[in-house]
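Chemist: My structure is below; once you've seen it, I'll send some questions.
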Amino acid sequence: STVLTYSAGYREHYINFALGANITTSNTDNRGIKAIGFTNDKFTQLGFANAYEVGDSPVSQYLKSRLFGSFSSVNYSYANKYLFDFSFRLDGSSKFGSKNKYAPFWSAGIGWNMHKEKFLQNTVISQLKLRATTGFLGEVSFDPFMANTIYQYYTNNWYSTGVGAGFIGYGNELLKWQRTQTTDAGLDLGLFEDRIWISGRYYMKRTKDLLADINVAPSLGFSSYKSNLGELENKGYEFNVKLDFLKHSKDWRVTITGNIAHNENKILKISEALKAYNENLFTNDPYNFTRPIPQYIEGQSLTQIYAVKSLGIDTQTGMEILVKRNGTLTYTYDPKDMVPCADQAPKAEGYLGATVSYKDFVLTTNMHYKFGGYLFNQTLVDMVENADPRYNVDIRALEERWKNPGDATFYKSIASTSLTRATSRFIQKDKDRKSVV
Numbered sequence: 002s003t004v005l006t007y008s009a010g011y012r013e014h015y016i017n018f019a020l021g022a023n024i025t026t027s028n029t030d031n032r033g034i035k036a037i038g039f040t041n042d043k044f045t046q047l048g049f050a051n052a053y054e055v056g057d058s059p060v061s062q063y064l065k066s067r068l069f070g071s072f073s074s075v076n077y078s079y080a081n082k083y084l085f086d087f088s089f090r091l092d093g094s095s096k097f098g099s100k101n102k103y104a105p106f107w108s109a110g111i112g113w114n115m116h117k118e119k120f121l122q123n124t125v126i127s128q129l130k131l132r133a134t135t136g137f138l139g140e141v142s143f144d145p146f147m148a149n150t151i152y153q154y155y156t157n158n159w160y161s162t163g164v165g166a167g168f169i170g171y172g173n174e175l176l177k178w179q180r181t182q183t184t185d186a187g188l189d190l191g192l193f194e195d196r197i198w199i200s201g202r203y204y205m206k207r208t209k210d211l212l213a214d215i216n217v218a219p220s221l222g223f224s225s226y227k228s229n230l231g232e233l234e235n236k237g238y239e240f241n242v243k244l245d246f247l248k249h250s251k252d253w254r255v256t257i258t259g260n261i262a263h264n265e266n267k268i269l270k271i272s273e274a275l276k277a278y279n280e281n282l283f284t285n286d287p288y289n290f291t292r293p294i295p296q297y298i299e300g301q302s303l304t305q306i307y308a309v310k311s312l313g314i315d316t317q318t319g320m321e322i323l324v325k326r327n328g329t330l331t332y333t334y335d336p337k338d339m340v341p342c343a344d345q346a347p348k349a350e351g352y353l354g355a356t357v358s359y360k361d362f363v364l365t366t367n368m369h370y371k372f373g374g375y376l377f378n379q380t381l382v383d384m385v386e387n388a389d390p391r392y393n394v395d396i397r398a399l400e401e402r403w404k405n406p407g408d409a410t411f412y413k414s415i416a417s418t419s420l421t422r423a424t425s426r427f428i429q430k431d432k433d434r435k436s437v438v
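Taking this note's numbering, the leading residue of the sequence shown gets 2, the next gets one more, and so forth.
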């Protein structure tokens, strides 16, 4: 990388300018073989093995990528009170198709150190800063061959014309950079020489050309490929608090920290490829719909749980009462009746921590918390209603299922041999696992 910088100051004005470029090359060479028959777990060298695993063969993978970037930035401050920043980047990566290798990114921010103002001097306020930023960021977090169609040689099968090859990955030449525009505004407040410090921010992130894996039928020779899905919006808030007791003590220090954050996401726009995925979603499911199937619907969140709406178990028949999309009731399961039932994302989450130190001794404790949100209890599906009684099963599979007319139970008839599939009956609050049917 090469960077040219220039700094200058005049009275209370200060400016800093930078111009640069960087080139990054990444090479990864992985090779492996599997050996068996070690007589002792302390014998870690390959030569201690008794043999190679039967039917196994060496594996290898070589990955190479390049990234080129050019950037410039300017920072200006007046009296260390009023701040302004602006930066611009142009990045190009070999991981993308030939038409979309380059993408521009920029950011701008302003700040006001209010504690520098005369009317806040000599008060309990030791720090008070207002700030706001906006800009675009990019991401390239996938293997370098996703834009290229790849094959694998059949080294175990030789033909008269030579070695054969199979199609194992679809290369999407239309891959674009995932670009996220983030806009946020925040405040930093310090009281009593920063013994009490509070920081809060509200943000909104809009991701364009969102990168994700598209699942396809395994019969194609691969299970998924990388594609740009559309636009996603995240917005929320975050608060941080720090209490620093005994700050000026020579030997003792007590610090308490806390954080709370809330985020909600919404799909704003989906690509044509994702629309095709939604249309073909119910034609071939390897799990027989025994678990919720991810769907991408404009206006819904990425963490939404989709399932067929359930009214519970019919006390007279022991069968599950299902609600179709048109509102009618049925006993027959149809995956096309799946609707958004609950969101996995918590209402808020954060952490609490404390540190006590005396001279060179330090004691630290931390706790993470969250509340709100729902989960699909897959264990109840697999270990109770879909469990094979010939093997170990949950005791509820025998004791809590419907047996006679009039039984009010959570689980369907014990005599039923039909496969239990994803319904809202198994969607429960993350906190207490209570059903929301």
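All C-beta atoms in this analysis are idealised placements derived from N, C-alpha and C, irrespective of residue type, glycine included.
Taking Leu399 as part of the alpha helix (DSSP H), name the residues at either end of that continuous run.
Modeler: Counting from 1 along the sequence shown, the entry for residue 399 is found at position 398. Looking at the DSSP string, the run of the alpha helix (DSSP H) that includes Leu399 is 397-400.
Chemist: For Gln182, which beta-bridge partners are listed by DSSP?
Modeler: The residue given as residue 182 occupies position 181 in the sequence shown. Bridge partners of Gln182: Phe137, Arg207.
Chemist: Would you give the residue range spanned by the alpha helix (DSSP H) that Tyr278 belongs to?
Modeler: Residue numbering aside, residue 278 sits at position 277 when the sequence shown is read from its first letter. It spans 273-280 - the alpha helix (DSSP H) in which Tyr278 sits, taken as one unbroken run.
Chemist: CA-CA distance, Ala36 and Gln62?
Modeler: Walking along the sequence shown from the start, residue 36 turns up at place 35. Walking along the sequence shown from the start, residue 62 turns up at place 61. Ala36 and Gln62: Cα-Cα distance of roughly 19 Å.
Chemist: If Glu232 and Thr208 are in contact, beta carbons under 8 Å, what's the gap, nearest whole angstrom?
Modeler: On the sequence shown, position 231 is the one that residue 232 refers to. On the sequence shown, position 207 is the one that residue 208 refers to. Sure, about 7 Å apart at Cβ, within 8 Å.
Chemist: Could you name the residues that DSSP lists as bridge partners for Met339?
Modeler: Numbered from 1 along the sequence shown, position 338 holds the residue referred to as residue 339. Met339 is bridged to Val309.
Chemist: Quick check: what's the CA-CA separation for Leu364 versus Ser358?
Modeler: For this step, residue 364 is matched to residue 363 along the sequence shown. For this step, residue 358 is matched to residue 357 along the sequence shown. Between Leu364 and Ser358, the C-alpha separation is close to 6 Å.
Chemist: If you draw a straight line from the C-alpha of Gly259 to the C-alpha of Tyr352, how long is it?
Modeler: Here the question's residue 259 lines up with position 258 in the sequence shown. Here the question's residue 352 lines up with position 351 in the sequence shown. Whole-angstrom Cα-Cα distance: 6 Å.
Chemist: Please classify Gly170 as buried or exposed, where buried requires at least 16 other C-beta atoms within 10 Å of its C-beta.
Modeler: The residue given as residue 170 occupies position 169 in the sequence shown. Buried.
Chemist: I'd like to know if the segment 2-16 and the segment 47-66 are in contact, where contact means that at least 3 CB-CB pairs between them fall below 8 Å.
Modeler: Flag = no, the segment 2-16 and the segment 47-66 do not touch.
Chemist: Give the C-beta separation of Ala1 and Leu176 to the nearest angstrom, bearing in mind that I take them to be a contact with Cβ-Cβ under 8 Å.
Modeler: A question about residue 1 goes unanswered here, because the residues of the chain that appear run from 2 up to 438.
Chemist: Do you know whose CA, among Phe137, Asp42, Lys82, Val125, lies nearest Ser88's CA?
Modeler: Translated into positions along the sequence shown, residue 88 becomes position 87. The option with the nearest alpha carbon to Ser88 is Phe137.
Chemist: Roughly how many whole angstroms lie between the Cα atoms of Val141 and Tyr152?
Modeler: In the sequence shown, residue 141 corresponds to position 140, counting from 1. In the sequence shown, residue 152 corresponds to position 151, counting from 1. Answer to the nearest angstrom: the Cα atoms are 23 Å apart.
Chemist: Could you tell me which of Asn114, Lys360, Glu350 sits nearest to Phe240, measuring between CA atoms?
Modeler: To locate residue 240, count along the sequence shown from 1; it is residue 239. Among Asn114, Lys360, Glu350, the Cα nearest to that of Phe240 is on Glu350.
Chemist: Report all residues from its chain with a CB closer than 8 Å to the CB of Lys102; omit the five preceding and five following residues, and keep chain order.
Modeler: Translated into positions along the sequence shown, residue 102 becomes position 101. Once the five neighbours on either side are set aside, the close Cβ partners of Lys102 are Gly93, Ser94, Ser95.
Chemist: Here's a check: name, in chain order, each residue in its chain whose Cβ is nearer than 6 Å to the Cβ of Met368, leaving out the five neighbours to either side.
Modeler: For the purposes of this step, residue 368 is identified with residue 367 of the sequence shown, where counting begins at 1. Counting only Cβ-Cβ distances below 6 Å, and skipping sequence neighbours, we find Leu353.
Chemist: At which residues does the beta strand (DSSP E) containing Ser88 begin and terminate?
Modeler: Along the sequence shown, read from residue 1 onward, the residue named residue 88 stands at position 87. Ser88 -> beta strand (DSSP E) spans 83-94.
Chemist: Mind reading off the beta-carbon distance from Lys310 to Val340? Whole number of angstroms is fine, and I expect it under 8 Å.
Modeler: Residue mapping note: residue 310 aligns to position 309 of the sequence shown, counting from 1. Residue mapping note: residue 340 aligns to position 339 of the sequence shown, counting from 1. Sure, about 6 Å apart at Cβ, within 8 Å.
Chemist: Quick check: what's the CA-CA separation for Gly319 versus Gly201?
Modeler: Counting from 1 along the sequence shown, the entry for residue 319 is found at position 318. Counting from 1 along the sequence shown, the entry for residue 201 is found at position 200. Their backbone Cα atoms lie some 52 Å apart in a straight line.
Chemist: Tell me whether Ser161 sits in a helix, a strand or coil according to DSSP, three-state version.
Modeler: As a working mapping, residue 161 is identified with position 160 in the sequence shown. The answer is coil: DSSP assigns Ser161 none of H, G, I, E or B.
Chemist: On the DSSP bridge list, what partners appear for Tyr63?
Modeler: If you number the sequence shown from 1, residue 63 lands on position 62. Answer by DSSP bridge pairing, in chain order: Asp30.
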